[in-house]
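Working notes, beginning with the structure itself.
2 protein chains.
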Amino acid sequence: MTSYKPRIKQLFQELVSISDSDWNYFSERLQFKQFGKKEKITQAGRVEDNLYFLADGVVRFVIQNDNKESTTDFSFTGQFFCSYSSFITRQPSIFEIRPVTKTASCCYITWNDLQQVYANTSCGEEIGRMAAEQQFIRKSAREVSLLTIHPKDRYLQLLDEQPQWVHQIPLKHLASYMGITPETLSRIRSSIMNSDS
Amino acid sequence: MTSYKPRIKQLFQELVSISDSDWNYFSERLQFKQFGKKEKITQAGRVEDNLYFLADGVVRFVIQNDNKESTTDFSFTGQFFCSYSSFITRQPSIFEIRPVTKTASCCYITWNDLQQVYANTSCGEEIGRMAAEQQFIRKSAREVSLLTIHPKDRYLQLLDEQPQWVHQIPLKHLASYMGITPETLSRIRSSIMNSDS
DNA sequence: GTTAATCCTTGATCTCAATCAAGAAATTGC
DNA sequence: GCAATTTCTTGATTGAGATCAAGGATTAAC
Numbered sequence: 001m002t003s004y005k006p007r008i009k010q011l012f013q014e015l016v017s018i019s020d021s022d023w024n025y026f027s028e029r030l031q032f033k034q035f036g037k038k039e040k041i042t043q044a045g046r047v048e049d050n051l052y053f054l055a056d057g058v059v060r061f062v063i064q065n066d067n068k069e070s071t072t073d074f075s076f077t078g079q080f081f082c083s084y085s086s087f088i089t090r091q092p093s094i095f096e097i098r099p100v101t102k103t104a105s106c107c108y109i110t111w112n113d114l115q116q117v118y119a120n121t122s123c124g125e126e127i128g129r130m131a132a133e134q135q136f137i138r139k140s141a142r143e144v145s146l147l148t149i150h151p152k153d154r155y156l157q158l159l160d161e162q163p164q165w166v167h168q169i170p171l172k173h174l175a176s177y178m179g180i181t182p183e184t185l186s187r188i189r190s191s192i193m194n195s196d197s
Numbered sequence: 198m199t200s201y202k203p204r205i206k207q208l209f210q211e212l213v214s215i216s217d218s219d220w221n222y223f224s225e226r227l228q229f230k231q232f233g234k235k236e237k238i239t240q241a242g243r244v245e246d247n248l249y250f251l252a253d254g255v256v257r258f259v260i261q262n263d264n265k266e267s268t269t270d271f272s273f274t275g276q277f278f279c280s281y282s283s284f285i286t287r288q289p290s291i292f293e294i295r296p297v298t299k300t301a302s303c304c305y306i307t308w309n310d311l312q313q314v315y316a317n318t319s320c321g322e323e324i325g326r327m328a329a330e331q332q333f334i335r336k337s338a339r340e341v342s343l344l345t346i347h348p349k350d351r352y353l354q355l356l357d358e359q360p361q362w363v364h365q366i367p368l369k370h371l372a373s374y375m376g377i378t379p380e381t382l383s384r385i386r387s388s389i390m391n392s393d394s
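And the structure:
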């Protein structure tokens with residue numbers, strides 16, 4: 001139940017050297033919750049109040065539009081996630097976040113507690129900046145992919161860069177993430193099977 | 198030639214209260230350069246070394262792919278810009294940045310100087326974090342737009358949210374930004390003209 | 001002011017992915 | 001383990017946007 005904390009500390013230390021007192025200040029504010037498959041970790045329309053660390057599982061970010069849903073992103077074991085724009089701006093989230101796996105084990109810190117960390121630790125702001133920068137880089141790369149790469153090549157790129165996605169995520173959610181229909185992704189997949197056999 | 202500095206200071210103060218000494222430390226590291234229409238502000242393949250503030254003009258971010266170019270973003274007078282992923286990661290930029298307007302008047306701070314600011318001012322990290330967060334929010338909103346909104350509605354949204362774009366940017370670059378061809382955008386535009394006359 | 005270059009529009013055709021549909025395969029629930 | 005649900009595949013058709021093409025409008029160059 002506290003075994004994920006060393007992993008978080010390690011993630012931080014990849015960014016910046018963190019003192020023991022800073023770490024303690026932060027880690028005391030961490031809480032834990034496990035979500036079932038049908039639960040919503042974050043609800044659309046509510047202000048995101050928590051920054052999560054995914055100790056185990058896969059989650060997806062979903063936008064509902066006139067009873068169609070789009071999956072815009074995923075997070076995996078060992079990553080931080082939340083409806084980040086909402087968390088930052090304190091505006092209602094346009095996403096909901098839901099488990100892909102049977103359960104999602106999360107620890108989290110609230111927005112209020114995180115502001116305390118920013119204010120009262122020496123490296124909090126720096127970690128916050130670097131985390132925001134990393135989020136930006138991901139979204140920026142995705143923008144390029146969506147604008148300049150054809151669906152088939154996008155799937156090959158995904159296979160290459162994120163093979164675990166293809167195995168852990170139902171095809172229909174992957175298709176949505178890629179901006180195509182499940183049928184089209186299914187055909188792309190079978191055309192690849194036939195061409196490299 | 199120094200008249201843009203108060204505007205920058207004001208931008209910072211919208212984020213956080215900045216002391217005079219911190220401001221001086223930053224502003225004495227600002228340099229100035231004006232770019233002509235055919236010049237490249239940032240070259241693809243090179244590590245972005247400067248963070249720019251656009252004192253006057255419009256610039257666009259371009260990706261070249263086998264002699265096709267895609268415009269992925271714009272920046273306008275009064276905004277910060279650079280090939281941000283490259284600037285952060287110190288990896289070669291995949292974009293080039295070029296003026297849309299006849300000239301682009303820019304002041305800038307180098308990466309080295311900015312690290313000094315992070316290290317030697319009290320609010321540098323906080324401004325850096327907030328700037329990174331803002332960049333993330335923009336890219337995140339764009340991801341949603343590209344995935345969930347049809348081209349025609351995307352154009353209407355652009356008209357509504359960024360009317361100055363439509364007037365200052367050639368249609369072909371706007372089309373590229375929207376992920377469609379100039380012909381299609383032209384037809385969208387005329388279909389709107391006919392329907393709301 | 002005239003030429004050249006660039007940009008925008010409009011039309012005709014084509015292509016790729018969406019949609020509609022139905023059955024197969026896999027998972028989930030009791 | 002069996003039924004029910006969900007997910008995936010495959011086929012036929014449709015449709016939105018790309019491409020190809022050419023003429024007109026604007027802007028830039030000198």
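Sequence lines, in order, name chains A and B.
Each step along the first sequence adds one to the number in the working numbering, with nothing skipped, and position 153 is 153.
Remember, the working numbering sits 197 above the position in the second sequence when you count from 1.
C-beta atoms are modelled at their ideal positions from N, C-alpha and C, and glycine is treated no differently.
Per DSSP, what are the beta-bridge partners of residue i in this structure?
i	result
Phe32 (chain A)	A:Cys107
Thr239 (chain B)	B:Ile294
Ile63 (chain A)	A:Ser70
Pro289 (chain B)	B:Val244
Going by DSSP, what residue range makes up the alpha helix (DSSP H) through residue i?
i	result
Pro203 (chain B)	Lys202 to Leu212
Glu330 (chain B)	Gly321 to Thr345
Ser218 (chain B)	Asp217 to Ser224
Ser272 (chain B)	Taken as a continuous stretch (DSSP letters only), Ser272 (chain B) belongs to no alpha helix (DSSP H), being part of the beta strand (DSSP E) at Lys265 to Phe273.
Asp56 (chain A)	Run containing Asp56 (chain A): none in the alpha helix (DSSP H); it sits in the beta strand (DSSP E), Asn50 to Asp56.
Ile285 (chain B)	Tyr281 to Thr286
Gln157 (chain A)	Pro151 to Glu161
Looking at the structure shown, is residue i part of a helix, part of a strand, or coil, going by DSSP?
i	result
Ser394 (chain B)	With a pLDDT of only 44 at Ser394 (chain B), under 50, the local geometry of the prediction cannot be trusted, and the value read off the model is given with reservation. The answer is coil: DSSP assigns Ser394 (chain B) none of H, G, I, E or B.
Gln365 (chain B)	helix
Ser297 (chain B)	One detail in the question is off: residue 297 (chain B) reads as Val in this sequence, not Ser. Three-state result, Val297 (chain B): coil.
Tyr177 (chain A)	helix
Gln312 (chain B)	helix
- [ ] Determine, using beta-carbon pairs with one atom in the segment 331-343 of chain B and one in the segment 233-252 of chain B, whether at least three such pairs fall under 8 Å.
- [x] No, they do not touch.
Task: Contact set between the segment 139-150 of chain A and chain B, restricted to residues whose Cβ is under 9 Å from the partner - done: Residues of the segment 139-150 of chain A that bring their beta carbon within less than 9 Å of a beta carbon in chain B comprise Lys139, Ser140, Ala141, Arg142, Glu143, Val144, Leu146, Leu147, Thr148 and Ile149, in sequence order.
Task: Members of the segment 34-46 of chain A that neighbour chain B once the beta carbon cut-off is set at 9 Å - done: Listed by position along the chain: nothing, the set is empty.
Task: Residues within the segment 156-188 of chain A neighbouring chain B, beta-carbon criterion of under 7 Å - done: Against chain B - using a Cβ distance shorter than 7 Å - the residues of the segment 156-188 of chain A are Gly179.
- [ ] Indicate whether the contact test is met: 3 or more Cβ pairs, each with one atom in the segment 107-126 of chain A and one in the segment 20-31 of chain A, closer than 8 Å.
- [x] Segments in contact, yes.
- [ ] Could you name the residues of the segment 112-137 of chain A whose beta carbon sits closer than 7 Å to any beta carbon of chain B, in the order they occur along the chain?
- [x] Legend: CB atoms of the segment 112-137 of chain A lying less than 7 Å from CB atoms of chain B belong to residues Glu125, Glu126, Gly128, Arg129, Ala132, Glu133, Gln135, Phe136 and Ile137.
Task: Residues from the segment 43-70 of chain A in contact with chain B, defined by Cβ distance under 7 Å - done: For chain B, the residues of the segment 43-70 of chain A that bring a beta carbon within less than 7 Å of one of its beta carbons are Ile63, Asn65 and Ser70, in chain order.
- [ ] Report yes or no: do three or more beta-carbon pairs, one from the segment 204-222 of chain B and one from the segment 317-334 of chain B, lie closer than 8 Å?
- [x] These segments touch.
TODO: For the segment 153-165 of chain A and the segment 125-135 of chain A, state whether three or more C-beta atom pairs, one from each stretch, are separated by less than 8 Å.
DONE: Judged by Cβ distances under 8 Å, the segment 153-165 of chain A makes no contact with the segment 125-135 of chain A, as fewer than three pairs qualify.
Open item on the list: Between the segment 161-175 of chain A and the segment 361-376 of chain B, can you find at least three pairs of beta-carbon atoms closer than 8 Å?
Closed with: Cβ pair count under 8 Å is below three, so no.
- [ ] Decide yes or no for the touch test of the segment 281-298 of chain B against the segment 206-213 of chain B: beta carbon pairs closer than 8 Å, at least 3 of them.
- [x] They do not touch, by the three-pair rule.
Task: Where the segment 75-87 of chain A meets chain B: residues whose CB sits under 7 Å from a CB there - done: Per Cβ criterion, the list reads Tyr84 and Ser85.
Open item on the list: Please identify, using Cβ separations under 9 Å, the residues of the segment 286-305 of chain B that lie next to chain A, in order along the chain.
Closed with: Only Thr286, Ile291 and Phe292 from the segment 286-305 of chain B bring a Cβ to less than 9 Å from some Cβ of chain A.
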